[in-house]
Every structure is written in structure tokens, then in C-alpha cells.
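Peer 1: Numbering follows numbering that gives the first Met the number 0, with no gaps: position 27 of the sequence shown is 26. Mind having a look at this structure? Questions to follow.
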Amino acid sequence: MSIQHQSYLELKKDTDEEFARRALLYNLECLKNNARATARTMRCSPHTVYRAMRKRDEGDLKDTSHKPKSRHPRHLEDEKERMIIEYRKKTKLGKRRLRYFIFQKEGIDIPESTIGKVIKRHRLQRKKRKRVKRDRASPSYCFEKLFPFQELQADLKEILDKGTLPKEVYSHLKTQDLPIFQWTVIDVLTRIRFLAFSYKKDWFSGKAFLQLITWWILLLWVSPPYPHSDRWRGRVCCFLPWIL
0 MSIQHQSYLE LKKDTDEEFA RRALLYNLEC LKNNARATAR TMRCSPHTVY RAMRKRDEGD
60 LKDTSHKPKS RHPRHLEDEK ERMIIEYRKK TKLGKRRLRY FIFQKEGIDI PESTIGKVIK
120 RHRLQRKKRK RVKRDRASPS YCFEKLFPFQ ELQADLKEIL DKGTLPKEVY SHLKTQDLPI
180 FQWTVIDVLT RIRFLAFSYK KDWFSGKAFL QLITWWILLL WVSPPYPHSD RWRGRVCCFL
240 PWIL
């Protein structure tokens, strides 16, 4: 019969408490029920060996629960806990506002931290939205050398969003058959913003919107802030070749 020389704590960490106690009892049997010799072999306390022997007699080698048997003096009553859960599901309020809501409704003042622990224990937290990480940083511009309408930023989004819009606005957009896509172009230097709406999200709608902006810049830019208007008009055409 070979004796197990591995530490009891290491064996318990690598496997579980039941297997470690079986190995401890096996070494105890090999050493002719010498508890102190078994403790020295497995580098543990003799009380650990006696505890394993007691658990063997009880028929269960697993660890007992460490949960306290007596309630904490500041333990929350079950009725209050059910009340917090019910109002949380109905109102969707946070712990601070829910505290004042319960105080006004029921006349019971429950600490804010207690309400937060009840919400966390029953997994009633709000789902956190994952932040989208951009692959690249925002472009940097040299504003001292930048001309108006030299750099434009374009954006497209769908405004028919049930999660952010009020119910009345969402139903109005849906029933009145209004355009749901918003096109935005903003000038980097002057911060002039152009808006347009479309029913479809396609290349033709975007090109038509950009061509409209280009025509507005070329036709209505009568008195530019630079001395040479012809040169400035040529600059505009050079700055926006991708639109044409």
C-alpha cells in the first residue's frame, strides 16, 4: 500500500474536498490509524484528520454549508423584499428613486443600499448596452489651413427606432408613411448642417443629396470671404470631386 505524500490543501484545490478526504483516510489506514503521523505526511492539522474521521462516520465527506444559521438582526422581511421586487418590475426605477416611490406609496423607508442589493440578488438590473468600439480614431483637421466646405462629414441613420422614440412619435411615423432614413452632411469648419430624408437607403439617394449640396455651394456662394472669387470657385470644384 503506497502512501499519498501530496499536501491535503493542494489535493483539495486540484480535485475536491471529497477526494482529498478519501486520500486522507487512505493514508490513515496505511499508518495504522495514527492521526498525527497522517497529518505530518499530508502537511495538515490533526484536527483535519479527526474531522475527516467524523465525516466518515456520518456518511458524508463533503463540506457543510457555511451559511449562517441565525438571521442578521437587520435582515429584511420577506414582505418588504416582495414589495421591492413588485415595484421594481412595474416602475423600472433605480434604487434611489424607488426608495422615494415606496416611501410615498407605502410610508416605509427602506435604505437605498438594501434596495440595490435586492435588485442585484434577483437579477433585476438593467441590461447594459455594449459600446461600439471604432476601428480608427476620428480624423484630425488643421483648422488654420482649412477652407469652408473643404472637408465634409456624412452620416446616415434610421430614425424609426422603437427603443428611443416615444410611442406617439413612433406610431405617427409608422402610420403616416413618412421617410425613415435621415441623411446628414456637416461642414467641418463652419459647422453648417444639411439634412435630408428618404424612404430607401441606397446609393442613388445619397448621391442625389450630395449633388444637391454641391449645386447649392456652387450657385449660392456669391460673395466668398476671399479676394479672388474665381480661384475660390475653382477650389470648391476641386474640394468636392467625389460628389460629382
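Here a beta-carbon is modelled for each residue, glycine too, at the ideal position from N, C-alpha and C.
Note the first and the last residue of the continuous beta strand (DSSP E) segment covering Gln152.
Peer 2: Within the sequence shown, residue 152 is the residue found at index 153, counting from 1. Counting along the chain, the beta strand (DSSP E) containing Gln152 begins and ends at Leu151 to Glu157.
Peer 1: Beta carbon of Gln181, beta carbon of Ile158: below 7 angstroms?
Peer 2: Counted from its first residue, the sequence shown places residue 181 at position 182. Counted from its first residue, the sequence shown places residue 158 at position 159. Result yes, Cβ atoms of Gln181 and Ile158 sit closer than 7 angstroms.
Peer 1: If the criterion is Cβ atoms closer than 7 angstroms, does the pair Leu219 and Val184 meet it?
Peer 2: Counted from its first residue, the sequence shown places residue 219 at position 220. Counted from its first residue, the sequence shown places residue 184 at position 185. No, the Cβ-Cβ distance between Leu219 and Val184 is not below 7 angstroms.
Peer 1: Consult DSSP for Thr163 and reduce its assignment to one of helix, strand or coil.
Peer 2: Your numbering for residue 163 matches position 164 in the sequence shown. Looking at Thr163 - three-state DSSP - the assignment turns out to be coil, as it is neither helix nor strand.
Peer 1: Between Lys94 and Glu111, is the Cβ-Cβ spacing less than 7 angstroms?
Peer 2: In the sequence shown, counting from the first residue as 1, residue 94 sits at position 95. In the sequence shown, counting from the first residue as 1, residue 111 sits at position 112. Contact: yes.
Peer 1: Can you grab the Cα-Cα spacing for the pair Ser222 / Thr189, in whole Å?
Peer 2: By one-based count along the sequence shown, residue 222 stands at place 223. By one-based count along the sequence shown, residue 189 stands at place 190. Legend: pLDDT at Ser222 = 44, less than 50; position of this residue unreliable, value from coordinates given subsequently. Roughly 16 angstroms between the two C-alpha positions.
Peer 1: Looking at C-beta atoms only, is the number of pairs between the stretch 46–63 and the stretch 12–23 that lie closer than 8 angstroms three or more?
Peer 2: Short answer: they touch.
Peer 1: Nearest CA to the CA of Ala195: which residue from Trp202, Asp186, Leu123 and Phe208?
Peer 2: Here residue 195 refers to the residue found at position 196 of the sequence shown. Checking every option, the nearest Cα to that of Ala195 belongs to Phe208.
Peer 1: Measuring CB atoms only, is the stretch 43–57 touching the stretch 24–34, in the sense that at least three cross pairs come out at less than 8 angstroms?
Peer 2: The stretch 43–57 is in contact with the stretch 24–34.
Peer 1: Say whether the stretch 104–120 touches the stretch 66–80, bearing in mind that this needs 3 or more beta-carbon pairs closer than 8 angstroms, one atom from each stretch.
Peer 2: Segments in contact, yes.
Peer 1: Exposed or buried, what is Phe203 when buried is set at 16 or more other beta-carbons lying within 10 Å of its beta-carbon?
Peer 2: Here residue 203 refers to the residue found at position 204 of the sequence shown. Counting Cβ neighbours within 10 Å, Phe203 comes out exposed, since fewer than 16 surround it.
Peer 1: What number of angstroms, rounded off, separates the C-alpha of Glu80 from the C-alpha of Val117?
Peer 2: Here the question's residue 80 lines up with position 81 in the sequence shown. Here the question's residue 117 lines up with position 118 in the sequence shown. Computed Cα separation, rounded: 7 angstroms.
Peer 1: Measure the beta-carbon distance from Thr47 to Ala38 and round it to whole angstroms, keeping in mind my assumption that it falls under 8 angstroms.
Peer 2: If you number the sequence shown from 1, residue 47 lands on position 48. If you number the sequence shown from 1, residue 38 lands on position 39. Indeed, because the Cβ distance is near 7 angstroms, the residues count as touching under 8 angstroms.
Peer 1: Do you know how far the Cα of Asp13 is from the Cα of His71?
Peer 2: Mapped onto the sequence shown, residue 71 falls at position 72. Mapped onto the sequence shown, residue 13 falls at position 14. Spanning the two alpha carbons is a distance of roughly 34 angstroms.
Peer 1: With H, G and I counted as helix, E and B as strand and the rest as coil, what does DSSP make of Leu175?
Peer 2: In the sequence shown, residue 175 corresponds to position 176, counting from 1. For the record, residue 175 in the displayed sequence is Gln; it is not Leu. Looking at Gln175 - three-state DSSP - the assignment turns out to be coil, as it is neither helix nor strand.
Peer 1: Under DSSP, the beta strand (DSSP E) around Gln181 begins and ends at which residues?
Peer 2: Position 182 of the sequence shown, counted from the start, is the residue given in the question as residue 181. Gln181 -> beta strand (DSSP E) spans Phe180 to Asp186.
Peer 1: Excluding five sequence neighbours on each side, which residues of the same chain lie with their C-beta closer than 7 angstroms to the C-beta of Arg98?
Peer 2: By one-based count along the sequence shown, residue 98 stands at place 99. Ile109, Glu111 and Ile114, listed in sequence order.
Peer 1: Would Met41 and Tyr7 be called neighbours here (beta carbons separated by less than 7 angstroms)?
Peer 2: As a position in the sequence shown, residue 41 is number 42, starting the count at 1. As a position in the sequence shown, residue 7 is number 8, starting the count at 1. In this structure, Tyr7 lies closer than 7 angstroms to Met41 by Cβ.
Peer 1: What separation, rounded to the nearest whole angstrom, lies between the Cα atoms of Arg128 and Asp160?
Peer 2: Stepping through the sequence shown from its first residue, residue 128 is reached at position 129. Stepping through the sequence shown from its first residue, residue 160 is reached at position 161. Straight-line Cα distance between these residues: approximately 15 angstroms.
Peer 1: Under 7 angstroms Cβ to Cβ from His4, same chain only, skipping five residues before and after it: list those, please.
Peer 2: In the sequence shown, counting from the first residue as 1, residue 4 sits at position 5. Once the five neighbours on either side are set aside, the close Cβ partners of His4 are Thr40.
Peer 1: Is Asp186 closer than 7 angstroms to Phe146 when the C-beta atoms are compared?
Peer 2: The sequence position of residue 146 within the sequence shown is 147, counting from 1. The sequence position of residue 186 within the sequence shown is 187, counting from 1. It is not a contact, given that the beta carbons lie outside the stated cut-off.
Peer 1: If you reduce the DSSP assignment to three classes, tell me which class Arg55 lands in.
Peer 2: One-based indexing of the sequence shown puts residue 55 at position 56. Helix.
Peer 1: Return the CA-CA distance between Arg192 and Lys199, expressed in angstroms with no decimal places.
Peer 2: Position 193 of the sequence shown, counted from the start, is the residue given in the question as residue 192. Position 200 of the sequence shown, counted from the start, is the residue given in the question as residue 199. Rounded to whole angstroms, Arg192 to Lys199 spans 21 angstroms at the Cα level.
Peer 1: I'd like the span of the beta strand (DSSP E) that includes Leu30, first residue to last.
Peer 2: By 1-based counting over the sequence shown, the position of residue 30 is 31. Neither: Leu30 is in no beta strand (DSSP E) and is coded neither H nor E.
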